[in-house]
Amino acid sequence: MNKEQALGMEKIAKGPFAPIYPAMAKELIEKSQKKNGVCLDIGGGGGQLGLNIKALTNMEVVNLDINPFTIDIAIENAKEMGQTENFQAIAADVQALPMENDSIDLCVSRGSYWFWEDRAQGFREIKRVLKKDGIAIIGCGFVSNEILQDVIKKMATVKPEWNEMRINMFKNNPVEDFKRALIEASIDNFVIEEYSHSRWIIIRK
Ligand SMILES: C[S@@+](CC[C@H](N)C(=O)[O-])C[C@H]1O[C@@H](n2cnc3c(N)ncnc32)[C@H](O)[C@@H]1O
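If you're matching positions, the sequence shown starts at 1438 in the working numbering and goes up one per residue.
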């Protein structure tokens, strides 16, 4: 994990991906029906998703990422959005979450699960930290085909190979692989929603 990776993702998050986060925050609040308590964003990068959730709710937000160079970026973004209160940015691995059992109301994660070394362990940890009646929404997405098309158009000028990489990421990591990891983690209360623009794994405890 290095600084270039964190800065590279941040450039995309502030550029072509920018329309995703406010729309996705709305989508995930609606799906989860959570507006209070603690929200954990796993692999949150520069914190855009969690900060947008925070701006629309009363939630305390923890942005967690394995790359320690995301901490300063996320804190800077919190300042820019006027959202520093009840916001934390920490460096940790989803496979060993530094949280108490039953402490999180809403866990979200966008575009990170592809990279977890041991997905079953990641899911096990998410289940452990969720409160009873907590919900985790883990996956990757672009909210709508309209936003996806806009991102594809803008990414074509920044990184021409990106759309093919995105398509391959979904193709080479089929839903069945995630189902197997969830079953290995002894999680049975889950649904997987697959759309042309997004895939969400929804875990309830
Ligand atoms: C494609 S970026 C997505 C960032 C952000 N969620 C967004 O949508 O802008 C994937 C992020 O997952 C993080 N990540 C990868 N493996 C991780 C792990 N095992 N635990 C926590 N974060 C991880 C990376 O450091 C990176 O910031």
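Glycine included, every Cβ here is placed at the ideal spot set by N, Cα and C.
Exercise. For K1491, which of D1502, D1478 and R1641 has the nearest alpha-carbon?
Worked result: On the sequence shown, residue 1491 is found 54 positions in, with the first residue counted as 1. It is D1478.
Please list the terminal residues of the continuous beta strand (DSSP E) segment that includes I1528. For the purposes of this step, residue 1528 is taken as the residue at position 91 of the sequence shown. Position check: residue 1528 holds Ala in this sequence, whereas Ile was assumed. Residues F1524 to A1528.
C-alpha gap between S1633 and E1513, whole angstroms:
Start at 1 with the first residue of the sequence shown, and residue 1633 comes out as number 196. Start at 1 with the first residue of the sequence shown, and residue 1513 comes out as number 76. Their backbone Cα atoms lie some 33 angstroms apart in a straight line.
- Message: At the level of alpha carbons, what is the spacing between L1444 and L1486?
- Response: Here residue 1444 corresponds to residue number 7 of the sequence shown, with the count starting at 1. Here residue 1486 corresponds to residue number 49 of the sequence shown, with the count starting at 1. Distance between the alpha carbons of L1444 and L1486: 16 angstroms.
- Message: With a threshold of 7 angstroms (Cβ to nearest heavy atom), would I1639 be considered close to ligand 3?
- Response: Ligands displayed in this structure: ligand 1; ligand 3 is not among them.
Q) Is the distance from the Cβ of I1640 to the Cβ of N1626 below 8 angstroms? A) Within the sequence shown, the letter at position 203 stands for residue 1640. Within the sequence shown, the letter at position 189 stands for residue 1626. It is a contact, given that the beta carbons lie within the stated cut-off.
(Q) Quick check: G1395 and M1536, are their CB atoms within less than 8 angstroms of each other? (A) With the chain represented from 1438 up to 1642, any question about residue 1395 goes unanswered, as that position is not in the structure.
To which residues of the same chain is V1588 closer than 8 angstroms at the C-beta, ignoring the five residues directly before and after it? Translated into positions along the sequence shown, residue 1588 becomes position 151. P1453, F1454, P1456, I1457 and F1579, listed in sequence order.
**Asked** So, helix, strand or coil for E1441, using DSSP?
**Response** Position 4 of the sequence shown holds residue 1441. If DSSP states are grouped into helix, strand and coil, E1441 belongs with the helices.
TODO: Identify whether K1471 lies in helix, strand or coil by the three-state DSSP scheme.
DONE: Against the sequence shown, residue 1471 aligns to sequence position 34. If DSSP states are grouped into helix, strand and coil, K1471 belongs with coil.
- prompt: Nearest to I1527 by CA position, among N1538, D1502, I1510 and Y1550, is which residue?
  reply: Here the question's residue 1527 lines up with position 90 in the sequence shown. If we check each option's Cα against that of I1527, D1502 comes out closest.
Is it right to say I1563 is buried, meaning 16 or more other beta carbons lie within 10 angstroms of its own, or is it exposed?
Against the sequence shown, residue 1563 aligns to sequence position 126. Buried is the call here.
Notebook entry, point to check: Taking the alpha carbon of N1500 as the point to measure from, which residue in A1622, G1519 and F1524 has its own alpha carbon closest?
Noted result: Position 63 of the sequence shown holds residue 1500. The shortest C-alpha separation from N1500 is found at F1524.
- Query: With DSSP run on the structure shown, which of helix, strand or coil describes L1534?
  - Reply: Position 97 of the sequence shown, counted from the start, is the residue given in the question as residue 1534. DSSP places L1534 in coil when its eight states are reduced to three.
- prompt: Residue range of the alpha helix (DSSP H) that A1573 falls in?
  reply: The count along the sequence shown starts at 1 and reaches residue 1573 at position 136. Element bounds for A1573: not the alpha helix (DSSP H) but the beta strand (DSSP E), L1567 to G1578.
Q.
Need the endpoints of the alpha helix (DSSP H) that F1615 sits in, please.
A. Locating residue 1615 in the sequence shown gives position 178, counting from the first residue. Here the alpha helix (DSSP H) through F1615 covers V1612 to E1621.
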